[in-house]
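Enquirer: Take this structure first; my questions come after.
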Amino acid sequence: MDNQRLILFIALSFVVLLLWEAWQRDYAPEPVPVETRAESAAGAESTPAADVPDALPQTGMTAEAEPTPDPGSRRVRVVTDVLDIEIDTRGGDLVGAALLDYPIDADKPDVPVRLLHERPSDIFVVQSGLRTPDSTEPTHHVTFSSARDEWRLQPGQDELTVELTWTSPEGIEVIKRYRFTRGDYLVELEQQVSNTTGKPWRGRQYRQLQRSEVSGQGQAFIYTYTGGVIYSPEEKYEKYDFGDMRDTPLARDISGGWAAMIQHYFLAAWLPAPGETNHYYSKALSDNRYVLGLAAPAVSVPPGGEHTFSSRLFVGPKLQERLKEIAPGLELTADYGMLTILAKPIFWLLEKIHDLVGNWGWSIIILTLLIKLLFYKPSEMSYKSMAQMRKLAPRLKTLKERYGDDKQKLNQAMMELYKTEKINPLGGCLPILIQIPVFIALYWVLLESVELRQADFALWLNDLSSKDPYYILPLIMGATMFIQQKLNPAPLDPIQAKVMMILPVVFTVFFAFFPSGLVLYWVTNNVLSIAQQWVITRRIEQGGK
Numbered sequence: 246m247d248n249q250r251l252i253l254f255i256a257l258s259f260v261v262l263l264l265w266e267a268w269q270r271d272y273a274p275e276p277v278p279v280e281t282r283a284e285s286a287a288g289a290e291s292t293p294a295a296d297v298p299d300a301l302p303q304t305g306m307t308a309e310a311e312p313t314p315d316p317g318s319r320r321v322r323v324v325t326d327v328l329d330i331e332i333d334t335r336g337g338d339l340v341g342a343a344l345l346d347y348p349i350d351a352d353k354p355d356v357p358v359r360l361l362h363e364r365p366s367d368i369f370v371v372q373s374g375l376r377t378p379d380s381t382e383p384t385h386h387v388t389f390s391s392a393r394d395e396w397r398l399q400p401g402q403d404e405l406t407v408e409l410t411w412t413s414p415e416g417i418e419v420i421k422r423y424r425f426t427r428g429d430y431l432v433e434l435e436q437q438v439s440n441t442t443g444k445p446w447r448g449r450q451y452r453q454l455q456r457s458e459v460s461g462q463g464q465a466f467i468y469t470y471t472g473g474v475i476y477s478p479e480e481k482y483e484k485y486d487f488g489d490m491r492d493t494p495l496a497r498d499i500s501g502g503w504a505a506m507i508q509h510y511f512l513a514a515w516l517p518a519p520g521e522t523n524h525y526y527s528k529a530l531s532d533n534r535y536v537l538g539l540a541a542p543a544v545s546v547p548p549g550g551e552h553t554f555s556s557r558l559f560v561g562p563k564l565q566e567r568l569k570e571i572a573p574g575l576e577l578t579a580d581y582g583m584l585t586i587l588a589k590p591i592f593w594l595l596e597k598i599h600d601l602v603g604n605w606g607w608s609i610i611i612l613t614l615l616i617k618l619l620f621y622k623p624s625e626m627s628y629k630s631m632a633q634m635r636k637l638a639p640r641l642k643t644l645k646e647r648y649g650d651d652k653q654k655l656n657q658a659m660m661e662l663y664k665t666e667k668i669n670p671l672g673g674c675l676p677i678l679i680q681i682p683v684f685i686a687l688y689w690v691l692l693e694s695v696e697l698r699q700a701d702f703a704l705w706l707n708d709l710s711s712k713d714p715y716y717i718l719p720l721i722m723g724a725t726m727f728i729q730q731k732l733n734p735a736p737l738d739p740i741q742a743k744v745m746m747i748l749p750v751v752f753t754v755f756f757a758f759f760p761s762g763l764v765l766y767w768v769t770n771n772v773l774s775i776a777q778q779w780v781i782t783r784r785i786e787q788g789g790k
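For the sequence shown, position 524 matches number 769 in our numbering, and the numbering has no gaps at all.
Have a look at this one:
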């Protein structure tokens, strides 16, 4: 196979591979800006018992009766330095969560991303409650009481505790206690049960995430997974999308682990106590809504006794270092696809460089230089091969004229010439083969790493994770590809020559939709490659080695 034809084949294969992986994912919708607090919860109140976890056989519980929604519920606002939370007193659910350090758009710094929200046609909320066999329980459909309508973390205050209370007619008292910490997206939940009745109380805690199905949409090449994820010591990281919840509902006992709903850059996850065995479940509800949750083992509380159920909740960005500290495998929610094994060290190195230079754009340029140095020798061998092929071009042209359309004799003569001159005609493809996996891995690093979200570089590039708004970098990249074409040996086939001339234009169009940080990497790599190849070609043509 002709050297240039192989390069074209590899390049097009790379594009097909990238497109294939992109279409395997569902695109997360644009983050929702903070809206007024008068949002309707009507969409969440249809068939309210359906979203409560089933009573499981091992607990001896029966199905709960259909609850009646309480119109007297209200919203409680909780504001820390990084979170603006809305809690509905009906169930004590988290129905709103704005991430104050993450603007929805670089041009709108005062409008934060809203991860949790509740509207008639679109819902993403965090729920918790208790289940008992005799319905003396506060599920997430009963109404709690709150002493205040607003709680704020004050200057100098490191923790903020918010309490909601509920008492059954029989005398079961429950305090739902949320504890927020300064600078953190990890929230502690306690559900404290006090039994003031004359008989034992038996119940279990459940925690779940309810979300409307998100359809795949958005721009080409910007597709990321949106849906459920569960983690267990056995399966590690297991995606459980909306189709799975609908077709094969989850029902599994897991020791430890966690359950999450993830999207582009952000997630909400329930984290049980380490070593605690929970029943993980999922449900498909009406109105295109889905539930992913976990239920703890049942506990008995004697008359006059007390028990506190504990759990943790993470609502925030996929900051990998912090996620590693919180729970095993939680950092895997920054999903780099099939090249995770390569993407992880690339991100680690990028992060270390950023710690030194303080700019993600310069970090990408320095990373490109380091990769180029790492593969300098293989690249040198490849460029020597291409320079020698270029030097042989006149003799190859003579062979073409001599044998005309007899391709078999022409190929035999060319192989003899390559053998005589000790040239590997495929040697020039090595740099492309090396770069393709690095390119794809870096693509997902730039797309999935929230650390690079809206990362500013210089001049017009104020978000390296999105496309160049003015398409300047893709045009520069196309120009560098054209220069590289001129340094390579020309194809003997005139049709191939025309195709190779069109290739920079085709790639310019593709790269116009790639993250600008990725295009910056490719431009830098092309410039370094041109410099190296020009020096080697000049040396070979002057009779050097």
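We treat Cβ as the ideally placed atom computed from N, Cα and C, and that holds for glycine.
1) What is the C-beta distance between Glu408 and Ile417, in whole angstroms, given that I count them as a contact (C-beta under 8 Å)?
2) Can you give the beta carbon distance from Ala700 to Trp605, rounded, assuming they're within the 8 Å contact cut?
3) May I have a chain-ordered list of the alpha helix (DSSP H) segments no shorter than 4 residues that lie completely inside the region 504-543?
4) Below 7 Å CB to CB, which residues in the same chain sit around Asp367 once its five sequence neighbours on both sides are set aside?
5) Can you give the beta carbon distance from Leu718 to Leu765, rounded, assuming they're within the 8 Å contact cut?
6) By Cβ distance, which residues of its chain are closer than 6 Å to Phe554, with the 5 residues on each side in sequence left out?
7) Just grab the DSSP bridge partners of Asn440 for me.
8) State the DSSP-derived secondary structure class of Asp489, mapped to helix, strand or coil.
9) Can you tell me the Cα-Cα spacing of Pro276 and His509, whole angstroms?
10) Name the residue from Arg397, Asp486, Val560 whose alpha carbon lies nearest to the alpha carbon of Val358.
11) Output needed for Thr377: all residues of its chain with C-beta closer than 6 Å, excluding positions within five of it in sequence on either side, in chain order.
12) For Gln778, count the other beta carbons within 10 Å of its own beta carbon; 16 or more makes it buried, fewer makes it exposed. Which is it?
13) Give a yes or no on whether the C-beta atoms belonging to Leu431 and Arg557 are separated by under 8 Å.
14) With DSSP run on the structure shown, which of helix, strand or coil describes Trp705?
15) If we count Cβ pairs, one from each stretch, closer than 8 Å, do we get three or more for the region 559-573 versus the region 523-536?
16) Taking C-alpha atoms, which residue in Asn771, Leu587, Val438, Trp515 lies nearest to Gln730?
17) Taking the alpha-carbon positions, what's the Pro590 to Trp411 distance?
18) Tell me which residue opens and which closes the alpha helix (DSSP H) that Thr725 is part of.
19) Between which residues of its own chain and Leu575 is the CB-CB distance below 6 Å, once the five residues before and five after are set aside?
20) May I have the straight-line CA-CA distance separating Arg397 from Met726, to the nearest angstrom?
21) Who does Trp411 pair with in a DSSP beta bridge?
22) Reducing DSSP to helix, strand and coil, say where Asp374 ends up.
23) For my contact list, Val690 and Ala588 are in at a C-beta cut-off of 8 Å; report their separation, rounded to the angstrom.
24) Which same chain residues end up closer than 8 Å to Ile611 when comparing Cβ atoms and leaving out the 5 residues on each side of it in sequence?
25) Hey, how far is the Cα of Thr585 from the Cα of Pro547?
26) Work out the CA separation of Met506 and Thr769 for me, nearest whole Å.
27) Skipping 5 residues on each side, what residues in its chain have a beta carbon closer than 7 Å to that of Ile616?
28) With distances taken Cα to Cα, identify the nearest neighbour of Pro519 among Tyr525, Phe511, Asp708, Ser500.
29) Could you tell me the alpha carbon to alpha carbon distance between Gln565 and Asp600, rounded to whole angstroms?
30) When we look at the beta-carbon of Gln657 and count the other beta-carbons within 10 Å, is it buried (16 or more) or exposed?
31) Let me check one thing: in DSSP terms, what residues is Tyr451 bridge-paired to?
Expert: Considering the structure as presented:
1) For the purposes of this step, residue 408 is identified with residue 163 of the sequence shown, where counting begins at 1. For the purposes of this step, residue 417 is identified with residue 172 of the sequence shown, where counting begins at 1. That pair is no contact at about 16 Å.
2) For this step, residue 700 is matched to residue 455 along the sequence shown. For this step, residue 605 is matched to residue 360 along the sequence shown. Correct: roughly 4 Å between the Cβ atoms.
3) Taken in chain order, no unbroken stretch of alpha helix (DSSP H) lies wholly in the region 504-543 with a span of 4 residues or more.
4) As a first step, residue 367 must be located in the sequence shown, where it is residue number 122. Ser457, listed in sequence order.
5) Stepping through the sequence shown from its first residue, residue 718 is reached at position 473. Stepping through the sequence shown from its first residue, residue 765 is reached at position 520. Confirmed, Cβ separation roughly 6 Å.
6) For the purposes of this step, residue 554 is taken as the residue at position 309 of the sequence shown. Gln436, Gln450, listed in sequence order.
7) Along the sequence shown, read from residue 1 onward, the residue named residue 440 stands at position 195. Residue pairing by DSSP puts Asn440 in a beta bridge opposite Ile417.
8) The residue labelled residue 489 in the question sits at position 244 within the sequence shown. Three-state result, Asp489: helix.
9) Against the sequence shown, residue 276 aligns to sequence position 31. Against the sequence shown, residue 509 aligns to sequence position 264. With a pLDDT of only 44 at Pro276, under the threshold of 50, the placement of this residue in the model should not be trusted, and no figure is reported.
10) Against the sequence shown, residue 358 aligns to sequence position 113. Distances from the CA of Val358 to each of Arg397, Asp486, Val560 were compared; the closest alpha carbon is that of Val560.
11) Indexing the sequence shown from 1 puts residue 377 at position 132. Excluding positions up to five away in sequence, the list reads Gly448.
12) As a working note, residue 778 is residue 533 in the sequence shown. Buried, since its Cβ has 16 or more Cβ neighbours within 10 Å.
13) The residue labelled residue 431 in the question sits at position 186 within the sequence shown. The residue labelled residue 557 in the question sits at position 312 within the sequence shown. Taking 8 Å as the Cβ cut-off, Leu431 and Arg557 qualify as a contacting pair.
14) Looking up residue 705 in the sequence shown gives position 460. In the displayed model, Trp705 falls within coil according to three-state DSSP, outside both helix and strand.
15) The region 559-573, when compared against the region 523-536, does not touch it at the 8 Å Cβ threshold.
16) Numbered from 1 along the sequence shown, position 485 holds the residue referred to as residue 730. Answer by Cα proximity: Asn771.
17) As a first step, residue 590 must be located in the sequence shown, where it is residue number 345. As a first step, residue 411 must be located in the sequence shown, where it is residue number 166. Taking the straight line joining both Cα atoms gives about 49 Å.
18) Within the sequence shown, numbered from 1, the residue matching residue 725 stands at position 480. 717-732 is the extent of the alpha helix (DSSP H) around Thr725.
19) Residue numbering aside, residue 575 sits at position 330 when the sequence shown is read from its first letter. Leu568.
20) The residue given as residue 397 occupies position 152 in the sequence shown. The residue given as residue 726 occupies position 481 in the sequence shown. Each residue's alpha carbon lies about 55 Å from the other.
21) The residue given as residue 411 occupies position 166 in the sequence shown. Per DSSP, Val419.
22) Locating residue 374 in the sequence shown gives position 129, counting from the first residue. Correcting the residue type first, residue 374 is Gly in the shown sequence and not Asp. The three-state secondary structure of Gly374, taken from DSSP, is strand.
23) Along the sequence shown, one-based indexing puts residue 690 at 445. Along the sequence shown, one-based indexing puts residue 588 at 343. The Cβ separation is near 5 Å, so the contact holds.
24) Working through the sequence shown from its first residue, we reach residue 611 at position 366. If we look at Ile611 and ignore the five residues flanking it on each side, its Cβ neighbours are Ile598, Val602.
25) Here residue 585 refers to the residue found at position 340 of the sequence shown. Here residue 547 refers to the residue found at position 302 of the sequence shown. If I take the Cα positions, the gap works out to 50 Å.
26) Mapped onto the sequence shown, residue 769 falls at position 524. Mapped onto the sequence shown, residue 506 falls at position 261. Cα to Cα, the separation comes out at about 37 Å.
27) Taking the first residue of the sequence shown as 1, we reach residue 616 at position 371. Answer for Ile616: Val683, listed in chain order.
28) By one-based count along the sequence shown, residue 519 stands at place 274. Taking only the C-alpha atoms, the option nearest Pro519 is Ser500.
29) The sequence position of residue 565 within the sequence shown is 320, counting from 1. The sequence position of residue 600 within the sequence shown is 355, counting from 1. Taking the straight line from one Cα to the other gives about 15 Å.
30) For the purposes of this step, residue 657 is taken as residue 412 along the sequence shown, with counting starting at 1. Flag for Gln657 reads exposed.
31) Walking along the sequence shown from the start, residue 451 turns up at place 206. Paired residue(s): Gly374, Ala540.
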